[in-house]
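In terms of the numbering used here, the sequence shown has 18 at position 29, counting the first letter as 1, and numbering is strictly consecutive. In what follows, a single structure is set out as structure tokens and then discussed.
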Amino acid sequence: MAPENSRAGDRTGSADRPARTALILVNMRNDFVHDEGIFASSGGEVEL
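Encoded structure:
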């Protein structure tokens, strides 16, 4: 439950509960530029 003084989109309180905090890294280049990625599988040209 959010504190009363929090605003929508305010993420400053996320460190208050580190057990419920995650860091998500997404390698966009691998999916969109790889020969077997989503861009190539939909017919896009992925030559570098």
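Where is the CB? At the ideal position from N, CA and C, for every residue including glycine.
What number of angstroms, rounded off, separates the C-alpha of residue i from the C-alpha of residue j?
i, j, result
"Ile27", "Val15", "14 Å"
"Ile13", "Asp20", "15 Å"
"Met17", "Ala11", "18 Å"
"Gly33", "Asp5", "44 Å"
"His23", "Ala29", "7 Å"
"Glu25", "Arg9", "34 Å"
"Glu36", "Pro7", "41 Å"
Got a sec, what are the start and stop residues for the alpha helix (DSSP H) residue i sits in?
i, result
"Ala29", "Ile27 to Ser30"
"Arg18", "Met17 to Val22"
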